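As structure tokens, the structure follows; a few thoughts come after it.
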Amino acid sequence: MTVSPARSVAAEAPAGHYDAFETRSADARAAAQLQALNALRARVGEAPLADLADLAHLPVLRKSALVEMQRAKPPFGGLVPGGAVHYFQSPGPIYEPGGVTRDWWRMGRFLHALGVGPGDIVQNCFGYHLTPAGMIFENGARAVGASVLPAGTGQTELQVRAAADIGTTAYAGTPDYLKVILDKADEMGERLKIARAAVSGGALFPSLRQEYKDRGIFCLQCYATADLGNIAYESPAMEGMILDEGVLVEIVRPGTGDPVPDGEVGEVVVTTLNPDYPLTRFATGDLSAIMPGQSPCGRTGRRVRGWMGRADQTTKIKGMFVRPEQVAAFVRRHAEVGRARVIATRDGERDVMTVQIETRATNPALYDGSILETLKMRARVELVPPGSLPNDGKVIEDKRSYD
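The sequence shown begins at 256 in our numbering and counts up one residue at a time.
Right under this line is the structure:
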């Protein structure tokens, strides 16, 4: 298939930034975000925070708790007293509000970084049925002045026909579905004008990104959820993901609300500054890590390494569930312990639980009692030097074979 590029991929960086927020100093950004956060807290009668670091003292809101809040006060758990323009449903079920004001989900910033703007036609292949992904990207496309073909998923032959007839210049959807469209266009002998691809909702493997590049398509990805909207996004520099200006992101130790040092892998916890739907310390269940420095593209916001797996590592061992919060409770009991990792293996037909402990202590028996109290079963104990456990965010690892 030959692609007629609507724009040169070499001109991948937009002429300017989306707004002045993107190039603020760290101090200016923190001060503005603290002011916005405290304004939201004042609306519900909560005391102001003296510093953004004080967020760490507030409870983490998990999806299971949000479901219970919504059941008690349908549909949004009392967090959207004025109602919503759109009502969405995600698995759980969890209900999310939607707005129609400019860039309500903050997706325009990502599309602008990709180079999408006036004159572009975005073929939006995210779903429009119940879940908000389709509207999230449509709202963002309209914020940057682009037109939208609300294509959704499926009916690939019709997707190609529409892209060819309308002259689609940009794609929005999951990373792999664009390839399905392009391959179908090859079969049909159609020449498409798609030159930009905004992808999310799945893994963008390097080989797939390279294939799109070989076809003349510049592809960037973002990290977004139905509850929070855009959290982080790639810029043309493609070095990590830049945190959106409208969210506060913490990386915490799985099973806790305790922030980890920059660079250490942990669970992504997000506070939104959206006055229509404020969520404080909402746990995504995803793993990532803060990257040092700032992007070469000139945007000064902090960056994360992108999606690195799931934080919910609950595992059944010897017929009992072991949860990340139990491992965290064990670590808290011992000031000399840096981190711990539970490993599930098999010995013949029996489950075996091993607890690896980062400590300078030399007597494994010191920890037998607290392991039994917190993890509710006995375990093999391995003492390892501080800093030696893998930096992958795992506190429970299941090495058993289920083949």
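Positions of the beta carbon are idealized from the N, C-alpha and C atoms, including for glycine.
For clarity, every value in this text was computed on a predicted model and none was experimentally measured.
query, result
"Round the Cβ separation of Val315 and Val524 to the nearest angstrom and send it over; I've been treating them as touching at under 8 Å.", "6 Å"
"What number of angstroms, rounded off, separates the C-alpha of Lys468 from the C-alpha of Arg451?", "10 Å"
"Assign Asn646 to one of three DSSP states: helix, strand, or coil.", "coil"
"Using a Cβ-Cβ cutoff of less than 6 Å, which residues in the same chain neighbour Ala566 once the five nearest sequence positions on both sides are dropped?", "Pro509, Glu522, Gly540, Leu542"
"Output the boundary residues of the beta strand (DSSP E) element that contains Arg596.", "595 to 602"
"In terms of residues, what are the limits of the alpha helix (DSSP H) holding Met324?", "318 to 327"
"Taking all protein chains shown into account, decide if Phe331 is buried (16 or more other Cβ within 10 angstroms of its Cβ) or exposed.", "buried"
"Let's test the definition: count the other Cβ atoms within 10 Å of the Cβ of Phe537 and tell me whether it reaches 16, buried, or not, exposed.", "buried"
"Are the stretch 406 to 414 and the stretch 354 to 372 touching, with three or more C-beta to C-beta distances below 8 Å?", "no"
"Using only CA atoms, which one of Leu307, Lys654, Arg279 lies nearest to Leu528?", "Leu307"
"So Ala396 and Val377 are in contact, right, with Cβ under 8 Å, and what is the actual spacing, rounded?", "4 Å"
"By how many angstroms is the C-alpha of Thr278 removed from the C-alpha of Ala418?", "36 Å"
"Does the contact criterion of 3 or more C-beta pairs under 8 Å hold for the stretch 547 to 564 versus the stretch 597 to 616?", "no"
"Flag this pair as yes or no: are the beta carbons of Gly553 and His367 separated by less than 9 Å?", "no"
"Considering only residues of the same chain and omitting the five flanking positions on each side of Gly456, which have a CB-CB separation below 6 Å?", "Thr429"
"Would DSSP call Ser402 helix, strand or coil?", "strand"
"How is Asp441 classed by DSSP in three states: helix, strand or coil?", "helix"
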